[in-house]
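> Start counting the sequence shown at -10; every next residue gets the next number (my numbering).
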Amino acid sequence: MAPHARVRAPELIGKGGWLNTGGTALTLADLRGRIVILDFWTFCCVNCLHVLDELRELEEKHRDTVVIIGVHSPKFVHEAEHQAVVDAVERYEVHHPVLDDPELATWKQYAVRAWPTLVVIDPEGYVVAQHAGEGHAHALEQLVGELEAEHTAKGTLRRGDGPYVAPEPVATDLRFPGKAVLLPGGTFLVSDSTRHQLVELAADGESVVARVGSGERGFGPDGFSEPQGLALLPDGTVAVADTVNHALRAYDPATGAVTTLAGTGRQWMQGRPTSGPATEVDLSSPWDVAWFADRLWIAMAGVHQLWTYDPATGTVAVAAGTTNEGLVDGPAPEAWFAQPSGLAATGDRLWVADSETSALRYVERDGEGFAVRTAVGTGLFDFGHRDGEAGQALFQHPLGVTALPDGSVAVADTYNHALRRYDPATGEVTTLATDLREPSDAVLVGDDIVVVESARHRLTRLRLPEEAVRVESVAHRTQRAATDVAPGRLRLDVVFQAPTGQKLDTRYGPSTRLLVSSTPPELLAEGSGTGTDLGRDLVLADGVTEGVLHVSAMAASCDDDPENEYPACHMHQQDWGVPVRVVPGGAERLPLVLAGLDA
């Protein structure tokens, strides 16, 4: 085993305290003798949710040697609320201890720069690796095996039960429901996400008529995994965004049958097909669906795109988005999204709740194709609750959008616990209702609107108000400390060390990619754009004193076996948004660790 740098792991501190430990506060001394994996996550982040799923197998396989600790580090103001973290831990079935760190104290101690980030601590309490982004399960498995062998030989590995203590289950008819649709007979079909089921409720929105699915994670005829979006199809069936199965399913209310329309059950990764026969193409965390322009449109939250499914041909294809995360309008193939999570169709527009940019956007026809426009929202780092003219209005991580009869749309403004309204005719944003706990969708029923209150585990019926609710305006920016950098030239290094037994495979060309941009664009005088080297010299423009560097990196590593003509390969990828402040004496080098340690 190659020697690792000896860096003592900082202590774990967080003002919110510990979850899933039975009330016990943990220290690194308590974990000495175990391999510890710190998972820095925040519950808004779909990439963090992907990593939670990637870790489940590792967690089970090495339960007597590995302790995974979730360090919850919020991006949005709502995510700093302790009860919201408690809810998220249950919602996403996090079965390991979680430290609630609302002030990013442990995040800063470990110099973390992005969600998600994994830090590996050996049984003697030293940091031995760091991985940013997704796709590191294979590398972690290799490293854990090495550490088990090394510390068994040294006598420093301590096996046994971990500190996880399961919370008491709570009995409710729904548990963190995601989306809902009104069926032709007047009943509601609801995606009961945490219980991996669909639930049909009577017209009162409360009485259970039927449950669809076994209630266990699965991909068979009676299985779902955290389902979300629902849409009625022209043939009377309901399309289901089966989010963690990375699939599109169909439920027939007449027969109760569940079939697969699209997806393989595997998560789409860079380099795989983006169109073709629907059940042969991988998808990535489809979050919502809507029928528009003779297609079923899919909010592909996991890759920041919109895809379409054509039932006439049984095919899927990318319709909008590049997979880069951000807010960029224009022709659909060139637009950038950030975790689109809600869809609603009107006659000429497909409305999109673009959650990570706290934006309301729409798709409309543009000549022979489609274009993407933004109605409300400015980017990844600005959010709040502000009504008024759309150019200055603010949402906070909206997850749902609903078309209203007058041509306006209702927005489930999830992290503001509010239902908002945008009127294209006036360009105004108003608030329809407050005191809704994490609303994630809404359904129009006559003169009423039925809201999915996800964190209250229920549907709530409201009369559409004639007058808006007045709220005090509040604006926020993501609270992360800026990195002080020197004026002029800045060396950017993305650190990537291939896992043991693997190498960068360049037989068919470069196996790495680096994309750099900035907000504002004027921050970078030189160095923006795409290239294949993981290091680059940037030049910061004179006169711009602060901004955000957007860095997207990918690296593909393959088994290092010259006898194997078809080695197994693994994709590692991450997006960083690094706030910087340009000051004399600041850093002249910016290291971002994709995998390994920065020497």
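Just so it is clear, CB atoms sit at the ideal spot from N, CA and C, and this is done for glycine as well.
Counting along the chain, where does the alpha helix (DSSP H) carrying Q72 start and finish?
Start at 1 with the first residue of the sequence shown, and residue 72 comes out as number 83. Residues 71 to 80.
> With distances taken Cα to Cα, identify the nearest neighbour of V540 among L581, V571, P242.
Position 551 of the sequence shown, counted from the start, is the residue given in the question as residue 540. Considering only alpha carbons, the answer is L581.
> Taking only the alpha-carbon atoms, compute the straight-line gap between V463 and R375 and give it to the nearest angstrom.
Counting from 1 along the sequence shown, the entry for residue 463 is found at position 474. Counting from 1 along the sequence shown, the entry for residue 375 is found at position 386. Cα-Cα distance, rounded: 6 Å.
> Nearest by alpha-carbon distance to V25: which of G303, A(-2), T226, V35 is it?
Walking along the sequence shown from the start, residue 25 turns up at place 36. When only C-alpha atoms are compared, the closest one is A(-2).
> Once DSSP output is grouped into helix, strand and coil, what is the label at C547?
On the sequence shown, position 558 is the one that residue 547 refers to. Correct three-state label for C547: strand.
> Quick one: what's got a C-beta closer than 6 Å to R570's C-beta in the same chain, skipping five residues either side?
The residue labelled residue 570 in the question sits at position 581 within the sequence shown. Excluding sequence positions up to five before and after R570, its CB lies within less than 6 Å of the CB of A471, D473, E535, all in the same chain and listed in chain order.
> So, are the CB atoms of T346 and G331 less than 8 Å apart?
Position 357 of the sequence shown, counting from 1, holds the residue named residue 346. Position 342 of the sequence shown, counting from 1, holds the residue named residue 331. Taking 8 Å as the Cβ cut-off, T346 and G331 do not qualify as a contacting pair.
> Excluding the 5 residues flanking G516 on each side, which residues of the same chain have their C-beta closer than 7 Å to its C-beta?
Locating residue 516 in the sequence shown gives position 527, counting from the first residue. So the list reads V505, R525, D526, L527, V528, once near-sequence residues are dropped.
> What did DSSP end up calling W257 once you bin it into helix, strand or coil?
The residue labelled residue 257 in the question sits at position 268 within the sequence shown. Coil at W257, not helix or strand.
> State the beta-bridge partners of L132 as determined by DSSP.
Counting from 1 along the sequence shown, the entry for residue 132 is found at position 143. Paired residue(s): none; L132 is not in a bridge.
> What is the rounded straight-line gap between the Cα of L88 and the Cα of H61?
Your numbering for residue 88 matches position 99 in the sequence shown. Your numbering for residue 61 matches position 72 in the sequence shown. Distance between the alpha carbons of L88 and H61 is about 6 Å.
> Please report the straight-line C-alpha distance between A(-9) and W565, rounded to a whole angstrom.
For the purposes of this step, residue -9 is taken as residue 2 along the sequence shown, with counting starting at 1. For the purposes of this step, residue 565 is taken as residue 576 along the sequence shown, with counting starting at 1. For A(-9), the predicted model reports a pLDDT of 46, less than 50, meaning its position is unreliable; a value from the coordinates is still stated below. Inter-residue distance for A(-9) and W565 is about 28 Å (C-alpha atoms, whole angstroms).
> Whole angstroms are fine: how far does the CA of C34 sit from the CA of A544?
On the sequence shown, residue 544 is found 555 positions in, with the first residue counted as 1. On the sequence shown, residue 34 is found 45 positions in, with the first residue counted as 1. Cα to Cα, the separation comes out at about 21 Å.
> Indicate the three-state DSSP secondary structure (helix, strand or coil) for D42 in the structure shown.
Indexing the sequence shown from 1 puts residue 42 at position 53. Correct three-state label for D42: helix.
> Between the Cα of H120 and those of D241, P63, E139, Q562, spot the shortest distance and give me the residue it belongs to.
Against the sequence shown, residue 120 aligns to sequence position 131. The shortest C-alpha separation from H120 is found at Q562.
> How big is the Cα-Cα spacing for H(-7) and W30?
On the sequence shown, position 4 is the one that residue -7 refers to. On the sequence shown, position 41 is the one that residue 30 refers to. Below a pLDDT of 50, predicted positions are generally treated as unreliable, and H(-7), at 48, falls in that range; the measurement from the model is reported next regardless. So the two alpha carbons sit approximately 25 Å from each other.
> Go ahead and pull the three-state DSSP assignment for E515.
One-based indexing of the sequence shown puts residue 515 at position 526. Three-state result, E515: strand.
> So, for D531: in the same chain, excluding its five sequence neighbours on each side, which residues have a beta-carbon less than 6 Å away from its beta-carbon?
The sequence position of residue 531 within the sequence shown is 542, counting from 1. Excluding sequence neighbours, D531 sits near nothing in its chain.
> If we require 3 or more residues per run, which beta strand (DSSP E) segments fall completely within the segment 256 to 331?
264 to 266, 275 to 281, 284 to 289, 294 to 299, 304 to 309
> Using CA atoms only, rank isn't needed, just tell me which of S500, A487, P573, P499 is closest to A118.
In the sequence shown, counting from the first residue as 1, residue 118 sits at position 129. Taking only the C-alpha atoms, the option nearest A118 is A487.
> Using only the alpha-carbon positions, how far apart do L523 and A267 sit?
Stepping through the sequence shown from its first residue, residue 523 is reached at position 534. Stepping through the sequence shown from its first residue, residue 267 is reached at position 278. One C-alpha to the other measures close to 34 Å.
> According to the neighbour-count rule (16 or more other Cβ atoms, all chains shown, within 10 Å of its Cβ), is R102 buried or exposed?
Locating residue 102 in the sequence shown gives position 113, counting from the first residue. Counting Cβ neighbours within 10 Å, R102 comes out buried, since at least 16 surround it.
> Less than 8 Å between the CB atoms is what I'm expecting for D355 and V233, so what's the real figure, rounded?
By one-based count along the sequence shown, residue 355 stands at place 366. By one-based count along the sequence shown, residue 233 stands at place 244. Not really, about 34 Å apart at Cβ, beyond 8 Å.
> State the Cα-Cα distance for the pair L250 and G225, rounded to the nearest angstrom.
As a first step, residue 250 is located in the sequence shown; it is residue number 261 there, counting from the start. As a first step, residue 225 is located in the sequence shown; it is residue number 236 there, counting from the start. Approximately 14 Å between the Cα atoms of the pair.
> How close, in whole Å, do the beta carbons of L421 and V365 come, if the pair is a contact with beta carbons under 8 Å?
In the sequence shown, the residue the question calls residue 421 occupies position 432. In the sequence shown, the residue the question calls residue 365 occupies position 376. Not really, about 15 Å apart at Cβ, beyond 8 Å.
> So the candidates are E137, P428, A348, A243; which of them puts its Cα closest to the Cα of E189?
In the sequence shown, residue 189 corresponds to position 200, counting from 1. Among E137, P428, A348, A243, the Cα nearest to that of E189 belongs to A243.
> Pull up the distance between the alpha-carbon of G282 and that of L388, whole angstroms please.
As a working mapping, residue 282 is identified with position 293 in the sequence shown. As a working mapping, residue 388 is identified with position 399 in the sequence shown. In the sequence on display, residue 282 carries Ala and not Gly. One C-alpha to the other measures close to 22 Å.
> Within 10 angstroms of its Cβ, does R445 collect 16 or more other Cβ (buried), or is it exposed?
Counting from one through the sequence shown, the residue named residue 445 turns up at place 456. By the 10 Å Cβ count, R445 comes out buried.
> So, using beta-carbon positions, are D271 and R284 closer together than 8 Å?
Mapped onto the sequence shown, residue 271 falls at position 282. Mapped onto the sequence shown, residue 284 falls at position 295. Cβ atoms of D271 and R284: not closer than 8 Å.
> If you drop the 5 nearest sequence neighbours on each side, which residues of the same chain put their C-beta closer than 7 Å to that of D548?
Counting from one through the sequence shown, the residue named residue 548 turns up at place 559. Result list for D548: G490, Q491, P556, A557, in chain order.
> Report yes or no: do three or more beta-carbon pairs, one from the segment 388 to 398 and one from the segment 45 to 65, lie closer than 8 Å?
no
> Tell me, please, which residues DSSP counts as bridged to R478.
Here residue 478 corresponds to residue number 489 of the sequence shown, with the count starting at 1. Its beta-bridge partners are V528.
> Pick helix, strand or coil for W565, following the three-state DSSP scheme.
Looking up residue 565 in the sequence shown gives position 576. W565: strand per DSSP, three-state reduction.
> So is the beta-carbon of G252 under 7 Å away from any non-hydrogen atom of the ligand GDP?
The ligand content of the structure shown is nil, which means the ligand GDP is not present either.
> Let me check understanding here. Comparing Cα to Cα, which of D162, R350, D111 lies closest to H140?
For the purposes of this step, residue 140 is taken as residue 151 along the sequence shown, with counting starting at 1. Each of D162, R350, D111 was checked against the Cα of H140, and the nearest Cα belongs to D111.
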